[in-house]
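Chemist:
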Amino acid sequence: MSDDNEDPRKTLAELLPDFRFAMVTSVDPDGKLTSRPLTVQEAEFDGDLWFVISRDSSIAAHIASRPGVGVSLSSSDAWVSLAGTATIVDDRARLEEYWSSTLEAWFPDGPDDPRVTLLRIDAISGEYWSSAGGRIATAIGLIKSKITGETYDGKNEKLDL
1 MSDDNEDPRK TLAELLPDFR FAMVTSVDPD GKLTSRPLTV QEAEFDGDLW FVISRDSSIA
61 AHIASRPGVG VSLSSSDAWV SLAGTATIVD DRARLEEYWS STLEAWFPDG PDDPRVTLLR
121 IDAISGEYWS SAGGRIATAI GLIKSKITGE TYDGKNEKLD L
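Counting in UniProt numbering, the sequence shown runs from 1 upward without gaps.
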């Protein structure tokens, strides 16, 4: 659990820059959950996440009628789950700011490609789990737990954003 002196929002904001990829889950027209990996475009978390997508992608079609989405992020010692509302945003300056040569694998015509747009997810709620002290401390903690029989002490917090 979280230390009483620790702000869960601050902890979440500190965890998010460590994640490069997210699994974003939307709901298709038949009500089926569909997840796909997307690259997180902004390292600073202020309540929303940004992604570069194709205007004709399945996620763009899904959120047109059902904007509620789930976002899962993970690293070797932290995990985050967010619920939010997705919106297509046409912001040329922001798109150019996020543009990288990696995106050219999907969009060879660059940011001028009319199919390229931005997906913003405004987080409504979230939950995180983290291991104190990183990978080595996690491994030591798990070994200690196994030897002593005491429950492993990681952090978990739910919050509204």
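Positions of the beta carbon are idealized from the N, C-alpha and C atoms, including for glycine. All values reported here derive from a predicted model rather than from experimental measurement.
#1: Exposed or buried, what is V89 when buried is set at 16 or more other beta-carbons lying within 10 Å of its beta-carbon?
#2: For T85 and L119, I'd like the C-alpha separation in whole angstroms.
#3: For the alpha helix (DSSP H) containing S125, name the first residue and the last one.
#4: Excluding the five sequence neighbours on either side, which residues of its own chain have a C-beta within less than 8 Å of the C-beta of S65, listed in chain order?
#5: With DSSP as the reference, identify every bridge partner of I53, one or two as the case may be.
#6: So, are the CB atoms of S58 and V116 less than 8 Å apart?
#7: Please check the pair F45 and L16, which I expect to be a contact at CB under 8 Å, by giving their CB distance rounded to whole angstroms.
Modeler: So, from the listed chains and residues:
#1: For the purposes of this step, residue 89 is taken as the residue at position 89 of the sequence shown. When all chains shown are included, V89 counts as exposed.
#2: Here residue 85 is taken as the residue at index 85 of the sequence shown, counted from 1. Here residue 119 is taken as the residue at index 119 of the sequence shown, counted from 1. Using only the alpha carbons, I get a separation of about 10 Å.
#3: Position 125 of the sequence shown, counting from 1, holds the residue named residue 125. Not the alpha helix (DSSP H): S125 falls in the beta strand (DSSP E), residues 116–130.
#4: For the purposes of this step, residue 65 is taken as residue 65 along the sequence shown, with counting starting at 1. In its chain, beyond the 5 residues on either side, P29 have a beta carbon closer than 8 Å to the beta carbon of S65.
#5: Taking the first residue of the sequence shown as 1, we reach residue 53 at position 53. Looking at the DSSP assignment, I53 forms a beta bridge with T117.
#6: For the purposes of this step, residue 58 is identified with residue 58 of the sequence shown, where counting begins at 1. For the purposes of this step, residue 116 is identified with residue 116 of the sequence shown, where counting begins at 1. Contact annotation: S58 and V116 have beta-carbon atoms that are not nearer than 8 Å.
#7: Sequence index remark: in the sequence shown, residue 45 carries index 45 (1-based). Sequence index remark: in the sequence shown, residue 16 carries index 16 (1-based). 4 Å between Cβ atoms; contact.
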